[in-house]
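Chains as they are written, first to last, in this note's numbering: chain L, 1 to 706; chain R, 707 to 1292. Beta carbons are placed, not taken as given, at the ideal position from N, Cα and C, and that holds for glycine. Data first, discussion second: the structure below is written as structure tokens.
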Amino acid sequence: MVQNETIGFVGLGVNAWLVWMLPFIGAALIPALKNKSERIKSYVAVGFSILSALFALSILPLGLAGKEIHSQIPWFSALNLNAGVLADPLGIVMSNLVAWISVSILVYSISYMHGEKSIIRYWFFMLFFIGSMQLIVLSDNLLMVFFGWEGVGLASYALIGFWYSDKKKDYVGKEGNVAWGIPMWTSPTHAGIKAFLFNRVGDIMMLTGMFLIFAYAGTFGFKELLSDHTWAQEMMKQNLLIPAAVLLFGGAIGKSAQFPLNEWLVDAMTGPSSVSALIHAATMVKAGVFLVARIGPLFFALAVFNISQFFEIVAWVGGITAFLLATQALVNPEIKKVLAYSTGSQIGYMMMALGIAGLSTHFVDGYTAGFFHMISHALFKASLFMAAGAILHNVGSRFMYDMGGLRKNMKKTYLFMFLSSLSLAAAPLITSGFWSKDAIFASLLESNYSLSPYLFALAVIVAVLTAFYTFRMVGLTFFGKPSKNIVELEAKGHRVHEVDRIMWMPFAILAVASIAIGLVGFAFEGQIHNLFAYYLSNTFGIVDGKIMSSSPTLSKSTSQSSNINNNGISEGKNTGFLNLNPIAALSSVGAFGIGGYLGYLFYIQRKVDPNIIQENAVSRALWKFLYNRWYLNSFWYWIGAVIQLALYRKIYKYFEGVIVSGVNPAFRYSMIFMSKVVKVSQTGSIQTYLFVFSAGIIVIAMLLLM
Amino acid sequence: MVATFLPLIFSPVAYFLGKRKGINILTWFSFGILGLSTIFVIIPSIGIGSGGTYQEVFQWSQLGHFGLKLDGLSIPFAITIYVLSTVMVLYSKPYMIRKILREYEKTKTDINTKIDSVGDEGDQTFDNTGNNSILVLSDNQKLFLNSQMGLYFALYLAFSMGMLGTILATNLVEFYAFFELMLVPTFFLIAFFGYGNRRRVTFVFFFWSAVGALILLLGLLAIGFFTGGFDYDIIKTNAYKIPLNWIDLIIFSIMIGFGIKLGLLFLHIWLPDTYTLSPTPISILISSAMTGIGAYGIVRIWLDFLSSHYAGYGVYLEIWGVATMVFGGAMALMQNDIKKVLAYSSISSMGYILFGLGSESILGISGAILLYVTHGLGKALLFMMAGSIILQTGTRNLDKLGGLASKMPYTAVFTMIGALTIMGVPITSGFMAEWVLFNGALQGAIVNHWDSLKVIAFTLAMLTTVLTSAYILWLYKRIFYGVVPETLKNVGDKSGYVIVTMGVLAAFTLILGIYPDMFYKPIVSYVDNLYSHTSGIVHLKQKIGSQTTLKVSGQLKENFGNLKESPDLQIKPNSGMYLLGNSIYF
């Protein structure tokens, strides 16, 4: 059945299929192991994820060589739709990232979830998630992407609410804090529903966008959309291309927790830390970025017309989210929530980069920057979450003021978490976070978009904030004196200890990887840059500096022998020391310095008491504003739940309760009334009846005679 | 032919068999009959594949021919009805035994106590043992049980026969006869085996259905009168003879008649109580199979026979559909009785179907028809969950439930699949139906020059899917999440019949969700044939392109209205969003 369209790679199509199918098969097998020991279940689950990752690895050389696999089977013959995989360089790199991070987190959860009662459910949904995520990455059409899209959403819902008994210790948020009448603490199952519904709002936008495109193109396939332009021209004529693109981006907003649908991600931290690491940091929330990376070049290449408004929206949504969530991270007391805010904020950076790519003549630069930041963020954030999980495991509290001084007892966790934190804070030259952020800054600077200086300023401010809250987190957790909570724990005989090897190895590897990439950052970035330059020019006809004027020929089965002129790539860039853009590099270093120093002063050295912020009315109000998440959460609750429920209650009470249920009695009474009226004639006396009867006969007889 | 009448012929047999031989044999006998009939339905359906029909016709009275026909439209309905009926036989067994026994105890112990109050289910006397097949019964009890079960299955078989007959009929009179015929067994089933104030509810149900049927009859007679015959073939060829001033009246009577059956907004009065108080297997058949016959009727009698009078009415159907969707969803949020939530959810789902039927596009109508199948499966699963909960805990009150996921893991899993089906999440069949439906609706709106009402209806309908997810997930949360109440410590997945039947339906919805071709092929080709020569309907392969002429200004306004619905846009004055209208492309 499988028709392989890429000449010379027959058989490799199966690899790509298996990458996403294997986790599903594994997930289906897990419930069958019901009576086996926990160890076997874990091994099977991890085994399947490793198998899938190996298949992903097997197509990696292909991707790095800039080639692609595209294979299709018939699926939905009534509508002439095919199912297919499309493993192009973008998909292959992403697929490997997902696969190997998944493996490390699954290994971590062997220990982290040890002794959990519903371990089957956990493994099932983890594998189901990996399969769905790979499906998003490797699908060749939007409909299958949507399958994976909802699959990851479902897994996310199920795993956020994993501890469905809603015990108080699994909540997030500080109990008792109410903003605008809306409680700001959440139970796991509530958070699950919230995540699902917020995503649903994004999903319906994405679906609408898909339908719009389908209505004009008659297909969902990326390749088909690219090979025939008429649909785009038609839509452009009716001014629909940008709305369709923006609606698709709506899906990305929901999934990647961007403004204004950002509120679900923070509450999603009720799930186990491994889940937060895999789904809500490293992979699923990146699906939105990936979607933009998938469709962005498509729109950029198709629209010989001006489609910059779409990219403007992407860039500004990213910028606003980055700022919004970074400010909220400054004041939050829960370690996982700080990381969640930071995740949303960093994804904002990626969106900004992808958006600015479409607004500049150097599409490849922004595109690469966004993708590079996605890679480095996936590494260090997964590592941070796993380390945070290790701490929670030990301390038994999610609040950072219940930690403190942990660096003595948890040396390894401290070391690796510190390394990852450096990457998050973008410590110059040695961390991958620095290089990727720098690339974003550089692409912002070189763009010829008129508002890009503002975006750049925003990005730098966010960098300062990021460095500050990162050091705050590290300081509160590992430095200072042990908190009351820890003292009590120790008094009870529970020593805070280092976690076992299965737990610290995975995040150690990721932390080291993120530093390793940092050490060779410029070279790494150059590699990705070349790869994507090749990919974009080959597939979409986007060459640095301009769009190919001729329509791109897309059946590039001859891509092996294609000779694209790569000369233009490094031209026109302000190349300085190690390819750095001097302004970008300086502001990045400066931001790290300022933010980092302040954080150091307040939380590590603890020379200044952070509580001074409470002494001033203005700063206290500001603190409260940030602490209550800019009141966005309350706003959504009022719009989405409180007002609607009140309205429905009224309808139920008055329409359904009075009018509708009044119909039946009304009928009954009217019938009774009717029967009473009729009863009057039922006198019971024979004479009356006879009289009426004979009168009737006479009338009829007269009628007949006439 | 055999398939239809086999159950009717054997329904008295079932009664006596139950009396003589006991429940086990009776259950498997009914199952066998329905299973056999199902196979008789499925075999010709496979032969038909896409396009053809399978027909058996007999000479009847002067009213025309008596025939049974399977075509692209009736296949999904027929198969759904019979598969559900068959599966539900097995599910009925543990459920009805429990129900009848409790009834028996009630009549013996407190014969003087009137059971009038709604929702009274004898919680106090409940023993929480769950599985009845191991209970030791006295002879008296056994006798009562056997005769009651015999009666139940006899009526049950007649009921399924009535539904199938309605679908397969080839003659309007025949259609109407079956349409009324299926009401009679339901009436007795609810009156004998229902809960609470069941007699009143039965009368309400019967009264409303009869009123609907009568109004419908007027329309049918008018059609027959003008076209000169009641056979479908005659009507189809002579449909042009119907005078134009009668068309509106006929359509009105059809919509009222079938609207009552579907439980559309304003015509849903009979529905919530009927669903709540009938025995659960019957709730399932009414909700999943019977109400959808209204949709079948609309498609067959209006969209098929009067196909040239369809375009243009769509927008009203869409508005009514959306209103029903929103109303059902909103009211479902207000309930704290499981079956009431599901009842309102059924109303909402029927709204989806009506919305699809009004889409004026091939895809929309096909999606609506598949939605009948998928709603049947999903809602059946949810109602089975409700029945299982009643069986195990003795209560339908959501405030008394919680945390059952740990106690009833299989039920929880299958319910989740059912819930996802209703919410329209892949990989269940719900998504397959819904995306085609909404896709068609959007196409319809685009082709109608961005008709503003259609666009608004589409946007609202899409937003309603969020509402649907909300009430379903909230229902799920209240039953399965949280802490298990003290009173429910002993519940569990105790009945194999319940689990297996739920598993079968869950498997169906997953298979259809991944590979919907088996239903879509006949449906799409049927609907496509219907409108192959009609304008104003969006065709299957039609790409919207140059043939669409546009009123530019109106269309731009629509664009903008559409955009405002999506909360993700930050519309900044200088970002160009406002400039959409006067940008360079015009």
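Legend entry - Straight-line gap, residue 1040 of chain R to residue 1033 of chain R (C-alpha atoms, nearest Å): Rounded to whole angstroms, residue 1040 of chain R to residue 1033 of chain R spans 11 Å at the Cα level.
Legend entry - Where residue 1066 of chain R sits in the DSSP three-state scheme: In this structure, residue 1066 of chain R counts as coil in the three-state DSSP scheme.
Legend entry - Within 8 Å of chain L by C-beta, residues of the stretch 726–741 of chain R in sequence order: Among the residues of the stretch 726–741 of chain R, none has a Cβ less than 8 Å away from any Cβ of chain L.
Inset, instruction - Decide if residue 1159 of chain R is buried, meaning its Cβ has at least 16 other Cβ atoms within 10 Å, or exposed. - result: Looking at its Cβ environment, which holds fewer than 16 other Cβ atoms inside 10 Å, residue 1159 of chain R is exposed.
Inset, instruction - Taking 9 Å as the cut-off, decide whether the C-beta atoms of residue 63 of chain L and residue 96 of chain L are in contact. - result: Yes, these two residues count as a Cβ contact at 9 Å.
Legend entry - Within 9 Å, strictly: CB atoms of residue 332 of chain L and residue 222 of chain L: Not closer than 9 Å, so no.
Inset, instruction - Please name the residue, chosen from R:1013, R:1189, R:1184 and R:1031, that lies closest to residue 1168 of chain R on a Cα-to-Cα basis. - result: Sorting R:1013, R:1189, R:1184 and R:1031 by C-alpha distance to the C-alpha of residue 1168 of chain R places R:1031 at the top.
Legend entry - Chain-ordered neighbours of residue 189 of chain L on chain R, where CB pairs are closer than 8 Å: Chain order gives the chain R residues near residue 189 of chain L as 1183, 1187 and 1188, where near means a beta carbon separation below 8 Å.
Inset, instruction - Report yes if the CB atom of residue 156 of chain L is closer than 9 Å to the CB atom of residue 270 of chain L, and no otherwise. - result: Going by C-beta atoms, residue 156 of chain L is not nearer than 9 Å to residue 270 of chain L.
Inset, instruction - Measure the C-alpha to C-alpha separation of residue 1218 of chain R and residue 1226 of chain R and round it to an integer number of angstroms. - result: Spanning the alpha carbons of residue 1218 of chain R and residue 1226 of chain R requires a straight line of approximately 10 Å.
Legend entry - Helix, strand or coil at residue 1058 of chain R [DSSP, three-state]: The three-state secondary structure of residue 1058 of chain R, taken from DSSP, is helix.
Legend entry - DSSP-derived helix/strand/coil call for residue 1145 of chain R: DSSP places residue 1145 of chain R in helix when its eight states are reduced to three.
Inset, instruction - Consider the C-beta atom of residue 511 of chain L and the heavy atoms of the ligand PLP; say whether any pair is separated by less than 8 Å. - result: The ligand PLP is not among the ligands present in this structure, which contains no ligands whatsoever.
Legend entry - 4 or more residues per run - each alpha helix (DSSP H) lying fully within the stretch 872–900 of chain R: For the stretch 872–900 of chain R, whole alpha helix (DSSP H) runs of length 4 or above, ordered along the chain, are 878–887 and 889–899.
Legend entry - Integer Cβ distance of residue 1150 of chain R from residue 1020 of chain R, believed to fall under 8 Å: Rounded, the Cβ-Cβ distance is 6 Å, consistent with contact.
Legend entry - Contact under 9 Å by Cβ, residue 460 of chain L with residue 591 of chain L: Annotated as proximal: residue 460 of chain L and residue 591 of chain L, with beta-carbon spacing under 9 Å.
Inset, instruction - Give, in chain order, every unbroken run of the alpha helix (DSSP H) that is at least 4 residues long and sits entirely within the stretch 303–361 of chain L. - result: Counting only runs of 4 or more residues that sit fully inside the stretch 303–361 of chain L, the alpha helix (DSSP H) segments are 308–329 and 335–358, in chain order.
Inset, instruction - Compare the beta carbon distance of residue 426 of chain L and residue 387 of chain L with 9 Å and say whether it is the shorter of the two. - result: Not in contact: residue 426 of chain L and residue 387 of chain L (Cβ atoms no closer than 9 Å).
Legend entry - Sub-9 Å separation of residue 307 of chain L and residue 213 of chain L beta-carbons: The answer is no: Cβ separation not under 9 Å.
Legend entry - Cutoff 9 Å: residue 151 of chain L Cβ touching any chain C Cβ: No chain C is present in this structure, whose protein chains are L and R.
Legend entry - Spatial neighbours of residue 1255 of chain R in its chain, beta-carbon cut-off 7 Å, leaving aside the 5 residues before and after: The predicted position of residue 1255 of chain R is uncertain, since its pLDDT is 34 and thus under 50; a value taken from the coordinates is nonetheless stated next. Excluding positions up to five away in sequence, the list is empty.
Inset, instruction - Can you give me the Cβ contacts of residue 283 of chain L inside the same chain, cut-off strictly under 6 Å, excluding the 5 residues immediately before and after it? - result: In chain order, 98 and 133 place their CB closer than 6 Å to the CB of residue 283 of chain L, counting only its own chain and leaving out the 5 sequence neighbours on each side.
Inset, instruction - May I ask you to report which of helix, strand or coil DSSP gives residue 697 of chain L? - result: Residue 697 of chain L falls in the helix class under three-state DSSP.
Inset, instruction - Say whether chain L places a C-beta atom closer than 9 Å to the C-beta of residue 1109 of chain R. - result: Output row for residue 1109 of chain R: interface = yes.
Inset, instruction - For the beta strand (DSSP E) containing residue 763 of chain R, list its first residue and its last residue. - result: Membership of residue 763 of chain R in the beta strand (DSSP E) is indicated by the continuous run 760–765.
Inset, instruction - Quick one: give me the first and last residue of the alpha helix (DSSP H) that residue 771 of chain R is part of. - result: No alpha helix (DSSP H) holds residue 771 of chain R; the beta strand (DSSP E) holding it covers 771–776.
Legend entry - Simplified DSSP assignment, three categories, for residue 1159 of chain R: If DSSP states are grouped into helix, strand and coil, residue 1159 of chain R belongs with the helices.
Legend entry - Alpha carbon of residue 1038 of chain R to alpha carbon of residue 1049 of chain R, nearest angstrom: Take the alpha-carbon of residue 1038 of chain R and the one of residue 1049 of chain R: they are about 8 Å apart.
Legend entry - Within 9 Å, strictly: CB atoms of residue 1052 of chain R and residue 977 of chain R: Contact: yes.
Inset, instruction - Return helix, strand or coil for residue 833 of chain R, following the three-state DSSP convention. - result: Any reading at residue 833 of chain R needs caution, since the residue's pLDDT is 43, under 50, leaving its predicted position unreliable; the model's value is listed next. Residue 833 of chain R: coil per DSSP, three-state reduction.
Legend entry - CB contact below 9 Å: residue 294 of chain L versus chain R: Not closer than 9 Å to any Cβ of chain R, the Cβ of residue 294 of chain L fails to qualify, so no.
Inset, instruction - Within its chain, find whatever has a CB closer than 6 Å to the CB of residue 27 of chain L; leave out the 5 residues flanking it on each side and keep chain order. - result: The beta carbon of residue 27 of chain L lies closer than 6 Å to those of 124, 127 and 128 in the same chain, with the five residues before and after it left out.
Legend entry - Min CB distance residue 629 of chain L to chain R below 9 Å: With 9 Å as the cut-off, residue 629 of chain L does not count as an interface residue toward chain R.
Legend entry - Pick from L:192, L:173 and L:165 that is closest to residue 152 of chain L, judged by C-alpha positions: Among L:192, L:173 and L:165, the Cα nearest to that of residue 152 of chain L is on L:192.
Inset, instruction - Put residue 69 of chain L into one of helix, strand or coil per three-state DSSP. - result: If DSSP states are grouped into helix, strand and coil, residue 69 of chain L belongs with the strands.
Inset, instruction - Determine the closest residue to residue 497 of chain L out of L:469, L:411, L:519 and L:542, with distance taken between C-alpha atoms. - result: Considering only alpha carbons, the answer is L:411.
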